[in-house]
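A.B. asks: Questions regarding the structure given below will be posed in turn.
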Amino acid sequence: MINIIQTTIGAILTLSIFSFLYKDNPLYRIAEHLLIGISVGYIIGQQYHMGFMNYVITPIFKEGQLIYLIPSFIGLMYLGFFSQKTSWLIRFPIAISLGIGAGYGIPYTFQASIFIQLRETLTVFSEPGITGFGIFSGVLFLLGVFTAIVYFFFSWKHRGVVGIVAKVGIYFLMIGFGASFGLTVMGRISLLIGRFLFLFKDWLHIIS
Amino acid sequence: MKRQIPLMLVLTLGIIYFFVPLVSIPWVVDNLQYEVFNKWLKIIGVFAVIMSVASLWRRNAVKIKRKSGDYAYSYLELIGMVLMAALAIIAPRWNIGNGMVLGGIGGNSVYNWIFMNMQVPMQATMFSMLAFYIASAAYRSFRARNIEATLLLITAAIVMIGRVPLGENIYQFMLKLNGGEAAAFQWSRIFDFQGITQFILDVPNAATKRAIGFGVAMGMLATSLKIIFGIEKSWLGGTE
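Line order of the protein sequences matches chains A and X.
For the first sequence, position 119 (counting from the first letter as 1) is numbered 119 according to my numbering, and the numbering increases by one without interruption.
For the second sequence, position 15 (counting from the first letter as 1) is numbered 15 according to my numbering, and the numbering increases by one without interruption.
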């Protein structure tokens, strides 16, 4: 019985959202606002148990680690948001998070997004037992990276040789965007198939 | 002072934390990296959630108070939010039959039941609906007007065919016409949509993603430096 109730609720909400394909209507709006409310409520529950209880209440009040009163006090400054007079207080927790994040992010970005990526780009031919097709792919890969970077390089005008290289870069970018588009469409289609399977298999039992 | 102290904090912490991942002094790793970076920031983040929830609450409460537009839907938003929060935080863990408990966030809780049977179907449907809009937008805008647009169109078509069984069926049919794997000249290879898709994803697509990735990384570095040195101040908000 509980299975029938839960699939029926899910199916009604699914159909309510699909009704937007016809036009904006109250059923869709109900489902949309319910989705936002439930999603926020879900985050509150997760943050309370996984964040507040695990990192604030348990360490401070159960384990007596009073050091965590400092970040809690900094975090409490966010509540200054409730009054216009104290709203400037929220700059402190933001400043601390931003400062630490920005400072820590610089060497990390250099390491993970530039050095490692550059090494992987320049060592495409170093694979043991590389075939002729592998070399061709490697050359094409290097050409793609180089020309696409040149396209994004605006310190020189895209004229002459630079213009030709940038043009090749655009072709590579278009192929890349086409592939990303195709993958996105197929991802959404598989989600759509999932919803139809839910409606016709799990709910209506029309297909086995 | 209300602006200067936060700016000084960003500068000081930014410079200190620039060196934190670069040194391997145990005290720095234990305190600045593990303790402050991993734990303190999480604690501060928990309180940020309170602010964002309060902001959503205020937006809906104002709408209801002024009875503006479609304010009735705001009740639903608040009811959904309060119900889920109450079930997770306040509700007692009573057994309500069918192996379910009223409170808490466990796998057998009402909170989780609502998430699995209401939130998940709604969110999946929202995302799946984009298939219609993407298809519609593609139908209206995909025209082979020039080389760039043609490349985009052909690549998207190949990748889409290469990701469904139809692509493999076409290839198998063509392979049969070609005389099978043993044929001397494998012209059917041009219909190997799965293989071509993989090549597109591994080479030109990966190459452009890497180039874009370099650009993004440079942008992140520049933004981080601008924040640390106080050139970017929009996060301060207001003028006071």
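Just so it is clear, CB atoms sit at the ideal spot from N, CA and C, and this is done for glycine as well.
None of the values given here were measured: they were computed from a predicted structure.
So E77/X contacts chain A; which residues on that side make the cut at Cβ distance below 7 Å?
C.D. replies: Those are H33, I36 and G37, listed as they occur along chain A.
A.B. asks: Between G180/X and chain A, is the shortest Cβ-Cβ distance under 8 Å, so that the two count as touching?
C.D. replies: Chain A contact via Cβ: absent.
A.B. asks: Measuring CA to CA, which of A207/X, A135/X, I190/X and L130/X is closest to L122/A?
C.D. replies: Closest by alpha carbon: A207/X.
A.B. asks: Does any residue of chain A have a CB that is nearer than 8 Å to the CB of V49/X?
C.D. replies: By this cut-off, V49/X is an interface position.
A.B. asks: Using the DSSP secondary-structure output, state which residues sit across from N95/X in a beta bridge.
C.D. replies: Note: N95/X sits in a beta bridge opposite V101/X.
A.B. asks: Taking 8 Å as the cut-off, decide whether the C-beta atoms of L140/A and F127/X are in contact.
C.D. replies: The answer is no: Cβ separation not under 8 Å.
A.B. asks: Are three or more beta carbon pairs between the segment 22 to 30 of chain X and the segment 47 to 55 of chain A nearer than 8 Å?
C.D. replies: At 8 Å Cβ cutoff, the stretches do not touch.
A.B. asks: Is the Cβ-Cβ distance between P93/A and I74/A less than 8 Å?
C.D. replies: Yes, the Cβ-Cβ distance between P93/A and I74/A is below 8 Å.
A.B. asks: Nearest-angstrom Cα distance between I106/A and F172/A?
C.D. replies: Roughly 29 Å separates the two Cα atoms.
A.B. asks: In three-state terms, what does DSSP make of S87/A?
C.D. replies: Looking at S87/A - three-state DSSP - the assignment turns out to be helix.
A.B. asks: Within 10 Å of its beta-carbon, does W94/X have 16 or more other beta-carbons around it, so buried, or fewer, so exposed?
C.D. replies: Its Cβ having fewer than 16 others within 10 Å, W94/X is exposed.
A.B. asks: Taking the beta carbon of F200/A as the centre, do at least 16 other beta carbons fall within 10 Å, making it buried, or is it exposed?
C.D. replies: F200/A should be labelled exposed.
A.B. asks: Evaluate W235/X with the Cβ neighbour count: other Cβ atoms within 10 Å of its Cβ, from every protein chain shown; 16 or more gives buried, anything less gives exposed.
C.D. replies: Flag for W235/X reads exposed.
A.B. asks: Mapping DSSP to helix, strand and coil, what is S126/A?
C.D. replies: The answer is coil: DSSP assigns S126/A none of H, G, I, E or B.
A.B. asks: Are at least three pairs of beta-carbons, each pair with one atom in the segment 43 to 50 of chain X and one in the segment 35 to 50 of chain A, less than 8 Å apart?
C.D. replies: Yes, the segment 43 to 50 of chain X touches the segment 35 to 50 of chain A.
A.B. asks: Counting only C-beta atoms, is Y96/A closer than 8 Å to chain X at any point?
C.D. replies: The residue you asked about is not Tyr; residue 96/A is Ile in the sequence shown. Yes, its Cβ sits closer than 8 Å to a Cβ of chain X.
A.B. asks: Which residue from L56/X, A137/X and Q123/X puts its Cα closest to that of Y28/A?
C.D. replies: Closest by alpha carbon: Q123/X.
A.B. asks: Need the endpoints of the alpha helix (DSSP H) that K42/X sits in, please.
C.D. replies: Element bounds for K42/X: L41 to R66.
A.B. asks: For my contact list, M186/A and M160/X are in at a C-beta cut-off of 8 Å; report their separation, rounded to the angstrom.
C.D. replies: About 6 Å separates the two Cβ atoms, so the contact holds.
A.B. asks: Are any of the Cβ atoms in chain A nearer than 8 Å to that of R163/X?
C.D. replies: Yes - at least one Cβ of chain A is within 8 Å of the one on R163/X.
A.B. asks: Nearer than 7 Å: is that true of the beta carbon of S83/A relative to any heavy atom of the ligand MN?
C.D. replies: As for the ligand MN, it is missing from this structure, which has no ligand bound.
A.B. asks: Taking DSSP's pairing of strands, which residues face S109/X in a bridge?
C.D. replies: DSSP lists V101/X as partners of S109/X.
A.B. asks: Please list, in chain order, all residues of the same chain as Q65/A whose beta carbon is under 7 Å from its beta carbon, the five residues on each side excluded.
C.D. replies: Same-chain partners within the cutoff: P59.
A.B. asks: To the nearest angstrom, how far is it from the Cα of T131/A to the Cα of A144/X?
C.D. replies: Distance between the alpha carbons of T131/A and A144/X: 35 Å.
A.B. asks: From what residue to what residue does the alpha helix (DSSP H) around Y22/A run?
C.D. replies: Here Y22/A belongs to no alpha helix (DSSP H), and DSSP marks it neither H nor E.
A.B. asks: Using a Cβ cut-off of 9 Å, pull out every chain A residue sitting near V20/X, in sequence order please.
C.D. replies: Going along chain A in sequence order, the residues near V20/X (Cβ under 9 Å) are I100, G103, Y104 and P107.
A.B. asks: Hey, is R119/A's beta-carbon within less than 8 Å of any beta-carbon in chain X?
C.D. replies: R119/A does not count as touching chain X.
A.B. asks: So which residues on chain A does I15/X lean against when the C-beta distance must stay under 7 Å?
C.D. replies: In chain order: G103.
A.B. asks: Please work out which residues of its chain come closer than 7 Å, Cβ to Cβ, to I206/A, disregarding the five sequence neighbours upstream and downstream, and give them in chain order.
C.D. replies: F200.
A.B. asks: How would you list, in chain order, the residues of chain X whose beta-carbon sits under 8 Å from the beta-carbon of S113/A?
C.D. replies: Near S113/A (Cβ distances below 8 Å), the residues of chain X are G213, F214, V216, A217 and M220.
A.B. asks: Does M160/X come within less than 8 Å of chain A when only Cβ atoms are used?
C.D. replies: Chain A, which has a Cβ nearer than 8 Å to the Cβ of M160/X, makes this yes.
A.B. asks: Determine the closest residue to G219/X out of A102/A, T184/A and V165/A, with distance taken between C-alpha atoms.
C.D. replies: The candidate whose alpha carbon is nearest that of G219/X is A102/A.
A.B. asks: Are the C-beta of L66/A and some C-beta of chain X separated by less than 8 Å?
C.D. replies: Closer than 8 Å: no.
A.B. asks: Give the straight-line distance between the Cα atoms of Q6/A and N169/X, rounded to the nearest whole angstrom.
C.D. replies: The alpha-carbon atoms of Q6/A and N169/X are separated by roughly 38 Å.
A.B. asks: Please classify R91/A: is it buried, with 16 or more other beta-carbons within 10 angstroms of its beta-carbon, or exposed?
C.D. replies: Buried.
A.B. asks: How is L204/A classed by DSSP in three states: helix, strand or coil?
C.D. replies: Residue state, collapsed to three classes: coil.
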